[in-house]
Amino acid sequence: MKTQLEQAKETLYGKGGLGVTNLKLFPGSNRDVTAEEIAEQINAVVGDLMLDQGEAEIIDV
């Protein structure tokens, strides 16, 4: 199973990904946030966007 960071990297930059070339992230007031926590939020947002566009579906396992 991939980590959140690996999944976000593949989704944003990987082959068949979104082709992102310039991404800036700011932790806001929480300076204790980890890279894994940021990646988790990126994955959640991308997943929500894909659902909104009908490109993904939720599968209950």
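The numbering of the sequence shown is my numbering, which starts it at 222 and goes up by one.
A virtual CB, placed ideally from N, CA and C, is assigned to each residue, including glycine.
Computed from a predicted structure; not experimentally measured.
Taken through DSSP and simplified to helix, strand or coil, Leu270 comes out as helix. For Thr232, the enclosing alpha helix (DSSP H) starts and ends at 225-234. Under the three-state reduction of DSSP output, Asn243 falls in the coil class, being neither helix nor strand. By the criterion of a C-beta distance shorter than 6 angstroms, Ile263 is surrounded in its chain by Ala229, once the five residues flanking it on both sides are discounted.
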